[in-house]
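Before any comments, here is the structure.
And the structure:
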């Protein structure tokens with residue numbers, strides 16, 4: 059009985075847009091991404107690094123979230139209870155800047171609003187724009203449990219943040235004090251050290267004359283920042299510097315300012331920098347601040363919060379710091395106080411968020427002590443309790459934690475978690491989660507029962523955004539309030555793997571590990587997969603400002619989400635940057651088309667119960683089943699090692715070369731005949747296994763085809779399908795097939811070299827130990843009339859081409875397959891052409907003037923032409939010899 063109408067809904071051309079929209083909605087409708095506590099399964103948990111609520115999708119997000127989705131989908135297929143929790147970060151500085159900008163367009167200044175009114179505008183902006191990036195991620199196919207979507211500023215997360223602040227304060231780990239901090243004059247807030255990016259800056263070194271008090275003598279002090287001299291309270295020399303021993307105990311006059319300041323001695327001073335004399339400005343340099351404490355110096359803050367000079371700036375008050383630099387240099391020259399200036403390269407810190415130069419500034423801030431918190435976090439990574447992938451980042455992680463500083467956690471912003479500190483009329487403060495608790499504490503500590511809530515004033519500063527996201531792995535599954543952990547928290551924590559960039563290894567990853575051990579007594583995740591940076595073909599980091607980043611949505615519109623995902627993953631590995639090229643995603647799209655067309659080929663075959671499989675098909679099925687088993691095993695190993703790019707490459711080769719290029723050719727029935735049902739059904743099974751293997755990487759096309767393979771019930775999905783674990787790998791069969799493939803490839807190259815048509819059959823003989831079970835497959839795929847065993851080849855047989863595969867000699871009979879005379883004539887013509895071409899190239903290369911003056915790449919191209927010509931001449935000469943022709 060023959061069935062000529064195998065039912066399939068597969069169209070002739072793959073339409074990514076229609077497929078992607080259909081199946082993503084299907085997954086959502088059937089809640090297939092949702093995860094719940096199920097003690098019969100082992101959990102596999104990923105938390106999404108929360109993108110800023112201000113953000114839109116860029117190539118870095120694409121790479122990071124594709125990797126997460128691959129891991130979570132692989133976990134589902136492997137039988138885990140997979141939970142991927144999405145969310146966004148409230149991004150204090152960035153969001154407040156966006157809202158201030160929007161209000162300014164309406165003619166409203168922030169300082170014209172109350173805090174409450176400003177926050178209303180901020181929430182309106184967040185409600186309108188905050189979900190954009192998460193909706194864009196859906197286009198990529200990410201399979202997050204959207205029912206768990208969190209926001210670092212939502213009620214549940216906020217409650218945990220406030221509780222944690224109170225707990226750490228009670229433990230003596232949070233304190234308030236005046237310190238020199240990194241000040242962002244544009245955002246007008248303090249920043250932590252980790253939010254400062256250092257850039258090379260071409261500036262000047264100014265040599266200023268500080269006159270010794272009561273004399274006409276002076277010393278020369280070098281500085282890159284003459285605008286800060288109004289804050290000078292000393293000049294420092296190194297006690298070991300013999301040049302300045304005569305200045306001990308003396309005082310100098312600050313140029314233009316006229317203030318007398320002491321000369322102090324400290325070994326901190328670099329003898330080699332400038333003149334060996336250092337101006338000390340304790341309010342505006344962290345190292346000067348330490349000198350000020352050591353030597354009990356006066357501290358003069360000369361800057362306003364916006365980077366202009368305050369009343370201590372004298373005539374420069376109210377002017378921007380960089381404008382003052384230009385003015386004061388002119389004034390110093392006119393006063394004869396500028397000795398000279400010279401060009402100088404130095405590293406200047408810039409705000410990560412606003413990209414303005416940081417101003418070191420003395421400020422009252424809140425700090426978290428880090429040294430004790432860091433110890434278990436360092437030990438966890440050094441002992442591989444938390445594994446960094448790749449391990450090359452362990453040393454930099456260790457260096458940072460061993461040299462960690464206290465964390466400035468306060469920000470002079472309104473958008474964020476307001477610090478739960480309440481000030482009393484007498485200047486004291488109490489820390490409590492609510493105003494009511496603060497009032498109770500205040501009454502207890504002061505003994506004044508007449509105090510009212512209205513008399514308490516809450517701290518105006520909010521917390522650093524990272525102070526909420528360092529709790530992310532915990533706060534996503536339950537509140538941090540000292541109570542019994544929730545079932546979710548006990549089941550899903552610690553999480554399995556964190557996928558993030560190395561640029562936030564220190565101020566997010568390390569802090570999450572600290573929080574995990576401090577509040578949960580355990581690591582927050584088992585592994586940290588550190589991605590590289592997506593760069594353009596010139597090695598530049600992709601950014602909107604450079605205009606070198608494609609729009610991810612446009613890419614998915616053009617190439618399909620699966621094509622983009624595959625293209626990205628084939629070009630990256632853990633910790634290594636990705637050099638983006640659009641040909642990568644084009645290759646991904648073409649691979650989708652290859653899969654689609656291969657499946658269509660099978661589904662359009664006429665299938666018969668009466669046709670028996672031929673020998674070539676039988677061995678091909680044995681081989682591919684063995685290869686599939688071997689691939690599954692290798693894939694497990696690659697995922698265990700997080701070699702995801704290698705896993706993609708492995709599957710790409712399996713499908714394109716082995717399955718589509720070899721297997722389908724081997725089982726293809728002769729024109730006009732039917733395929734054996736046994737072969738058809740077995741091949742459908744292989745297809746199904748391939749779709750499951752590919753699904754984590756290419757979720758849409760694999761769901762579409764898997765659903766077509768067999769009737770499925772509503773709600774079924776490939777993401778919960780399981781691989782066939784009964785398949786076994788036969789290593790000898792795989793080795794024999796490798797030999798056969800080499801043999802087929804060699805015969806095809808002989809056809810090409812001698813211009814023998816594919817339909818023209820050839821005779822092949824061997825005198826070695828050829829794997830007999832592969833013979834029928836070789837005959838079919840190489841189009842041989844026969845493959846026979848023969849004695850050793852006769853060297854005088856010029857109408858045969860001899861070659862060796864491994865250690866086995868073979869001979870292809872050319873007699874009858876080609877016209878020897880015409881072939882010799884053609885080859886001699888080509889030989890003459892190549893020799894003439896070679897002579898021309900060598901003439902050019904022998905011209906010394908050409909070699910000396912031409913661009914290196916031009917000369918290199920000519921040398922390649924010479925090499926290629928020599929190679930082809932040798933090939934043609936060998937072919938002529940095989941045909942018995944004289945050269």
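Numbering (the working numbering), first residue to last: 59 to 945.
A virtual CB, placed ideally from N, CA and C, is assigned to each residue, including glycine.
Just so we're clear, the structure is a prediction, and the values are computed from it rather than from any experiment.
Would the beta-carbon of residue i fall within 8 Å of that of residue j?
| i | j | result |
| --- | --- | --- |
| residue 577 | residue 538 | yes |
| residue 571 | residue 435 | yes |
| residue 282 | residue 169 | no |
| residue 428 | residue 463 | yes |
| residue 146 | residue 109 | yes |
| residue 160 | residue 470 | no |
| residue 215 | residue 641 | no |
| residue 826 | residue 870 | no |
| residue 363 | residue 243 | yes |
| residue 121 | residue 592 | yes |
| residue 305 | residue 322 | no |
| residue 675 | residue 791 | no |
| residue 253 | residue 410 | yes |
| residue 54 | residue 289 | A question about residue 54 goes unanswered here, because the residues of the chain that appear run from 59 up to 945. |
| residue 566 | residue 416 | no |
| residue 581 | residue 590 | no |
Considering just the uninterrupted stretch of the beta strand (DSSP E) at residue i, what are its terminal residues?
| i | result |
| --- | --- |
| residue 423 | 417–426 |
| residue 349 | Counting along the chain, residue 349 falls outside any beta strand (DSSP E), though it belongs to the alpha helix (DSSP H) covering 344–353. |
| residue 714 | Taken as a continuous stretch (DSSP letters only), residue 714 belongs to no beta strand (DSSP E), as it is neither H nor E. |
| residue 848 | Neither: residue 848 is in no beta strand (DSSP E) and is coded neither H nor E. |
| residue 142 | 139–143 |
| residue 258 | 254–270 |
| residue 238 | 232–242 |
| residue 445 | 445–447 |
Nearest-angstrom Cα distance between residue i and residue j?
| i | j | result |
| --- | --- | --- |
| residue 690 | residue 751 | 8 Å |
| residue 466 | residue 426 | 7 Å |
| residue 437 | residue 445 | 11 Å |
| residue 611 | residue 207 | 22 Å |
| residue 211 | residue 583 | 23 Å |
| residue 749 | residue 735 | 21 Å |
| residue 787 | residue 194 | 42 Å |
| residue 166 | residue 185 | 20 Å |
| residue 757 | residue 555 | 21 Å |
| residue 413 | residue 599 | 16 Å |
| residue 746 | residue 653 | 12 Å |
| residue 779 | residue 704 | 23 Å |
| residue 492 | residue 330 | 55 Å |
| residue 68 | residue 665 | 18 Å |
| residue 432 | residue 340 | 29 Å |
| residue 710 | residue 755 | 11 Å |
Locate the alpha helix (DSSP H) running through residue i, then write down its first and last residues.
| i | result |
| --- | --- |
| residue 650 | 640–661 |
| residue 524 | 524–527 |
| residue 885 | 878–903 |
| residue 228 | 213–228 |
| residue 818 | From DSSP, residue 818 is part of no alpha helix (DSSP H); its letter is neither H nor E. |
| residue 743 | 735–752 |
Whole-angstrom Cβ separation of residue i and residue j, contact assumed at under 8 Å?
| i | j | result |
| --- | --- | --- |
| residue 315 | residue 292 | Not confirmed; about 13 Å, so no contact. |
| residue 144 | residue 204 | 7 Å |
| residue 630 | residue 624 | Not really, about 12 Å apart at Cβ, beyond 8 Å. |
| residue 148 | residue 474 | 7 Å |
| residue 619 | residue 134 | 18 Å between Cβ atoms; not a contact. |
| residue 343 | residue 418 | 5 Å |
| residue 482 | residue 510 | Incorrect: roughly 11 Å between the Cβ atoms, too far for contact. |
| residue 265 | residue 447 | Not really, about 51 Å apart at Cβ, beyond 8 Å. |
| residue 740 | residue 679 | 5 Å |
Please find out if some non-hydrogen atom of the ligand NAP comes closer than 7 Å to the beta-carbon of residue i.
| i | result |
| --- | --- |
| residue 278 | The ligand NAP is absent from the structure shown, which contains no ligands of any kind. |
Pairing CB atoms from the region 396–408 with CB atoms from the region 214–226, are three or more of them under 8 Å? Per the Cβ contact rule, the region 396–408 is not in contact with the region 214–226 (fewer than 3 Cβ pairs under 8 Å).
Counting pairs of Cβ atoms below 8 Å between the region 494–505 and the region 543–555, do you hit three or more? The region 494–505 makes no contact with the region 543–555; the number of CB pairs closer than 8 Å stays below 3.
Hey, is the region 907–926 in contact with the region 891–899, meaning 3+ C-beta pairs nearer than 8 Å? Touching, yes.
Three CB pairs or more closer than 8 Å across the region 712–720 and the region 803–818: Counting C-beta pairs closer than 8 Å gives fewer than three between the region 712–720 and the region 803–818, which falls short of the contact rule.
The region 517–537 in contact with the region 71–83 per 3-pair CB rule at 8 Å: The region 517–537 is not in contact with the region 71–83.
Below 8 Å, how does it come out for the region 787–803 and the region 674–689: are there three or more Cβ pairs, yes or no? Yes, the region 787–803 is in contact with the region 674–689.
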